[in-house]
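Visitor: In numbering that gives the first Met the number 0, the protein residues as written are 0 to 433. Note that beta-carbon positions come from the ideal geometry of N, C-alpha and C, so glycine has one too.
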Amino acid sequence: MAKIRDPRFECMDREELRKLQGERLVSTVKHEYENVALYRQRMDEKGIKPEDIRGLDDLRYLPFMEKTDLRDTFPYGLFAVPTKDIVRIQGSSGTTGKPIVSGYTAGDIDIWTEMMARTMTAEGVDENSVVQVCYGYGLFTGGLGAHQGATKLGALTIPMSSGNTQRQIMMMHDLGVTHLCCTPSYALYLGESIREAGIDPKEMKLKNGSFGAEPWTEEMRVRIEELLGINAYDIYGLTEIAGPGVSYECEAKRGMHVNEDHVIPEIINPITGEQLPYGEKGELVFTTITKRGMPMLRYRTHDICRLHDEKCDCGRTFVRMERLMGRTDDMLIIRGVNVFPSQIEGILAGTQDVMPHYMLIVDRVNSQDTLEVQVEVTDAIFTDSLGRLEATKRYIGEQIKSVVGIKATVNLVAPHTMPRSEGKAKHIIDRRKL
Ligand code: DLL
0 MAKIRDPRFE
10 CMDREELRKL
20 QGERLVSTVK
30 HEYENVALYR
40 QRMDEKGIKP
50 EDIRGLDDLR
60 YLPFMEKTDL
70 RDTFPYGLFA
80 VPTKDIVRIQ
90 GSSGTTGKPI
100 VSGYTAGDID
110 IWTEMMARTM
120 TAEGVDENSV
130 VQVCYGYGLF
140 TGGLGAHQGA
150 TKLGALTIPM
160 SSGNTQRQIM
170 MMHDLGVTHL
180 CCTPSYALYL
190 GESIREAGID
200 PKEMKLKNGS
210 FGAEPWTEEM
220 RVRIEELLGI
230 NAYDIYGLTE
240 IAGPGVSYEC
250 EAKRGMHVNE
260 DHVIPEIINP
270 ITGEQLPYGE
280 KGELVFTTIT
290 KRGMPMLRYR
300 THDICRLHDE
310 KCDCGRTFVR
320 MERLMGRTDD
330 MLIIRGVNVF
340 PSQIEGILAG
350 TQDVMPHYML
360 IVDRVNSQDT
370 LEVQVEVTDA
380 IFTDSLGRLE
390 ATKRYIGEQI
400 KSVVGIKATV
410 NLVAPHTMPR
420 SEGKAKHIID
430 RRKL
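1. Would you say P243 and G254 are within 8 Å of each other, going by their C-beta atoms?
2. Taking Cβ to Cβ, would you say C249 is nearer than 8 Å to R291?
3. What is the C-beta distance between V409 and V372, in whole angstroms, given that I count them as a contact (C-beta under 8 Å)?
4. Quick check on R430: buried or exposed, where buried means 16 or more other Cβ atoms within 10 Å of its Cβ?
5. Which first and last residues belong to the alpha helix (DSSP H) in which Y357 is found?
6. Which of the three DSSP states is assigned to S192 in this structure?
7. When burial is assigned at 16 or more other CB atoms within 10 Å of the CB, is Q167 buried or exposed?
8. So which of D302, C10 and A105 has the shortest CA-CA distance to E213?
9. Around the C-beta of M0, are 16 or more other C-beta atoms found within 10 angstroms, so that it is buried, or is it exposed?
10. Quick check for students: name the residue ranges of the alpha helix (DSSP H) that lie wholly in the stretch 305-393, counting only runs of 4 or more.
11. Measuring CB atoms only, is the stretch 252-270 touching the stretch 28-42, in the sense that at least three cross pairs come out at less than 8 Å?
12. Let me confirm a value: P264 is counted as buried when at least 16 other C-beta atoms fall within 10 Å, else exposed. Which label applies?
13. DSSP has G281 in a bridge; who is on the other side?
14. What's the C-alpha gap between L138 and G90?
15. For the beta strand (DSSP E) containing E265, list its first residue and its last residue.
16. Please report the residue range of the beta strand (DSSP E) in which T182 lies.
17. Just to confirm the assignment: which complete alpha helix (DSSP H) runs, minimum length 4, are found wholly within the stretch 197-268?
18. Tell me the DSSP bridge mates of S511?
19. Along the chain, where does the alpha helix (DSSP H) containing L69 start, and where does it finish?
20. Run the proximity test for L323: is its beta-carbon closer than 7 Å to any non-hydrogen atom belonging to the ligand DLL?
21. Is N410 near the ligand DLL - that is, is its Cβ less than 7 Å away from at least one heavy atom of it?
22. Cα separation between G278 and S192?
23. Whose C-alpha, out of K18, L331, Y394 and G228, is nearest the C-alpha of I346?
24. Tell me which same chain residues have a C-beta within less than 8 Å of the C-beta of N207, skipping the five on either side of it?
25. I need the DSSP call for Y60, collapsed to helix, strand or coil.
26. Spatial neighbours of W215 within its chain, please: C-beta separation below 6 Å, excluding the five flanking residues on both sides.
27. Rounding to the nearest angstrom, what Cα-Cα distance links H426 and D173 in this structure?
28. Kindly indicate which three-state DSSP category R299 falls into: helix, strand or coil?
29. Does the distance from the C-beta atom of K280 to that of R305 stay below 8 Å?
30. Please indicate yes or no: does the CB of R363 lie closer than 7 Å to some heavy atom of the ligand DLL?
31. Based on the DSSP secondary-structure assignment, which residues constitute the bridge partners of D429?
32. Taking only the alpha-carbon atoms, compute the straight-line gap between T238 and K66 and give it to the nearest angstrom.
33. Could you check which residue in V361, I405 and D383 has the C-alpha nearest to that of K432?
34. Is the beta carbon of Y75 closer than 8 Å to that of L296?
35. On a Cα-Cα basis, can you pick out the residue from I52, E50 and N365 that is closest to G190?
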């Protein structure tokens, strides 16, 4: 059985934990009210003062925060400390070309690192482990998050970042990697590539892996475990709250334990905003209670899931999140990158000679996500030179790469050939079976 890094918190009596959460909530609300103008205004509009929030039961009175709040206050508007106290920025894609950014104080980085250290301990990582991190390093939280957690545990950490599969396999083999961190779809691709290279995974030292940042299924877990000969664990997180490690699986693999001494999870009815009891399906909302740089109060993730508070076989008392069941908005995750169709629509709208009739086709080929953008061109360009069509195609592809951060195949189609809809236009076909 894997160790528990911090039983004092991870196995805390739930009543005691609720009390601790309440105290931390009260102090976070005060800090936020005093330092973040947008949130002060929201609370004032609702007629709530920090003194009205006296414990966990009062959480439901607080206003929500949304991704649009990060966009509207970009870049520093939600910081609750002077920028001189911020030591790191991480980000992910927003609904427009601008990323949404999160600021961390040195203390916030320590907390996030600790959350990842707990996560990786539950997955069997310790000072004897050799951890290969194939999440991207950069604004995306996957690379640095896993790196910090593994280093904290004293594991030998290999910062490979994403891409270059042959080199990844060589390092994994030659350095005796025991633990793999990447997206589940990349884990599948790695597994298949290892087999294709004629390597038997048994020749490697791989034991476990933590996979997240995108939706996956139990069937994928079985396939990854077979292909790589490992135990595959689910890991969840989001930039706005910390990064990976907001919740993590233990060996029971019956949902992800939420690091509840640092964040409070809620499930709400996405339409009415009303809190729902454990066990019911709804939108996941998080409140950070230890973060100082950019605390988030009742942040709506738009992820749909269920929470469970029954004690787990592993002994941890932290509530568990089920696998995510979808989203309440149209965000897609393609190769681990959050993609909002509105970003691509914006690019097409700003491109000469194309019409607002388009379709995004997402598929999974050889375990890797693909995105095809089909867009109608105007009559004028259609009958013009091939060169002009090629240039338009190239321009759209480059814009998508630079704004959204992913490679897309662009196909220009003849005028009046895309299906027209009578109601709400359908712009996405997702053929991945998730
Ligand atoms: O994806 C952080 C992360 C990195 C998590 C590495 C796990 C591993 P963002 O780029 O901000 O952060 O995207 C957050 O990704 O709201 C979910 O919709 C989705 N997501 C993250 N983990 C999972 C998971 C990182 N295990 C958004 N299963 C979230 C399904 C996930 N979806």
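Guide: This is what the structure holds:
1. In the sequence shown, residue 243 corresponds to position 244, counting from 1. In the sequence shown, residue 254 corresponds to position 255, counting from 1. For P243 and G254, no; Cβs fall outside 8 Å.
2. Position 250 of the sequence shown, counting from 1, holds the residue named residue 249. Position 292 of the sequence shown, counting from 1, holds the residue named residue 291. Cβ distance not < 8 Å, so C249 and R291 don't count as in contact.
3. Counting from one through the sequence shown, the residue named residue 409 turns up at place 410. Counting from one through the sequence shown, the residue named residue 372 turns up at place 373. Beta-carbon to beta-carbon, V409 and V372 are separated by about 5 Å, close enough to satisfy the 8 Å threshold.
4. What you label residue 430 is simply residue 431 of the sequence shown in a count that begins at 1. Result: exposed.
5. Taking the sequence shown and counting its residues from 1, one reaches residue 357 at position 358. First-last for Y357: V353 to V364, but that is the beta strand (DSSP E), not the alpha helix (DSSP H).
6. Start at 1 with the first residue of the sequence shown, and residue 192 comes out as number 193. Note: S192 maps to helix in three-state DSSP.
7. By one-based count along the sequence shown, residue 167 stands at place 168. With 16 or more Cβ atoms within 10 Å of its Cβ, Q167 is classed as buried.
8. Position 214 of the sequence shown, counted from the first residue, corresponds to residue 213. Closest by alpha carbon: D302.
9. Locating residue 0 in the sequence shown gives position 1, counting from the first residue. For M0, the number of other beta carbons within 10 angstroms of its own is below 16, and it is reported as exposed.
10. Runs of the alpha helix (DSSP H) inside the stretch 305-393: 340-348 and 378-381.
11. A contact between stretches requires three or more CB pairs, one per stretch, nearer than 8 Å, and the stretch 252-270 fails this requirement with the stretch 28-42.
12. For the purposes of this step, residue 264 is taken as residue 265 along the sequence shown, with counting starting at 1. Flag for P264 reads buried.
13. Within the sequence shown, residue 281 is the residue found at index 282, counting from 1. For G281, which the question treats as bridged, DSSP gives the partners C304.
14. By one-based count along the sequence shown, residue 138 stands at place 139. By one-based count along the sequence shown, residue 90 stands at place 91. Approximately 5 Å, taken between the alpha carbons.
15. By one-based count along the sequence shown, residue 265 stands at place 266. Counting along the chain, the beta strand (DSSP E) containing E265 begins and ends at V262 to I267.
16. Working through the sequence shown from its first residue, we reach residue 182 at position 183. If you look at T182, you'll find it isn't in any beta strand (DSSP E); DSSP assigns it neither H nor E.
17. As far as the stretch 197-268 is concerned, its whole alpha helix (DSSP H) runs of at least 4 residues are 217-227.
18. This structure cannot settle anything about residue 511, because the visible part of the chain is limited to 0 through 433.
19. Counting from 1 along the sequence shown, the entry for residue 69 is found at position 70. According to the DSSP assignment, L69 belongs to the alpha helix (DSSP H) that extends over K66 to D71.
20. Stepping through the sequence shown from its first residue, residue 323 is reached at position 324. Because some heavy atom of the ligand DLL lies under 7 Å away, the Cβ of L323 counts as near it: yes.
21. If you number the sequence shown from 1, residue 410 lands on position 411. Shortest gap from the CB of N410 to any heavy atom of the ligand DLL: 7 Å or more.
22. As a working note, residue 278 is residue 279 in the sequence shown. As a working note, residue 192 is residue 193 in the sequence shown. The straight-line gap from Cα to Cα measures roughly 39 Å.
23. Locating residue 346 in the sequence shown gives position 347, counting from the first residue. Taking only the C-alpha atoms, the option nearest I346 is Y394.
24. Within the sequence shown, numbered from 1, the residue matching residue 207 stands at position 208. Closer than 8 Å at Cβ, skipping near neighbours: E122, G123, V124, T177, H178, L179, I229, N230, A231 and Y232.
25. As a working mapping, residue 60 is identified with position 61 in the sequence shown. Three-state DSSP puts Y60 in a helix.
26. One-based indexing of the sequence shown puts residue 215 at position 216. Scanning its chain for C-beta atoms nearer than 6 Å, with the 5 sequence neighbours on each side dropped, one finds around W215 the residues P183, in chain order.
27. The sequence position of residue 426 within the sequence shown is 427, counting from 1. The sequence position of residue 173 within the sequence shown is 174, counting from 1. Distance between the alpha carbons of H426 and D173: 45 Å.
28. Walking along the sequence shown from the start, residue 299 turns up at place 300. In this structure, R299 counts as strand in the three-state DSSP scheme.
29. To locate residue 280, count along the sequence shown from 1; it is residue 281. To locate residue 305, count along the sequence shown from 1; it is residue 306. Yes, the pair counts as a contact, with Cβ atoms nearer than the cut-off.
30. Stepping through the sequence shown from its first residue, residue 363 is reached at position 364. No, the Cβ of R363 stays beyond 7 Å of every heavy atom of the ligand DLL.
31. Translated into the one-based positions of the sequence shown, residue 429 becomes position 430. D429 pairs with V361.
32. Along the sequence shown, read from residue 1 onward, the residue named residue 238 stands at position 239. Along the sequence shown, read from residue 1 onward, the residue named residue 66 stands at position 67. Using only the alpha carbons, I get a separation of about 11 Å.
33. Here residue 432 refers to the residue found at position 433 when the sequence shown is read from its first residue. In terms of Cα proximity to K432, the closest of V361, I405 and D383 is V361.
34. For the purposes of this step, residue 296 is identified with residue 297 of the sequence shown, where counting begins at 1. For the purposes of this step, residue 75 is identified with residue 76 of the sequence shown, where counting begins at 1. Result no, Cβ atoms of L296 and Y75 do not sit closer than 8 Å.
35. The count along the sequence shown starts at 1 and reaches residue 190 at position 191. Of the listed residues, the one whose Cα sits closest to G190 is N365.
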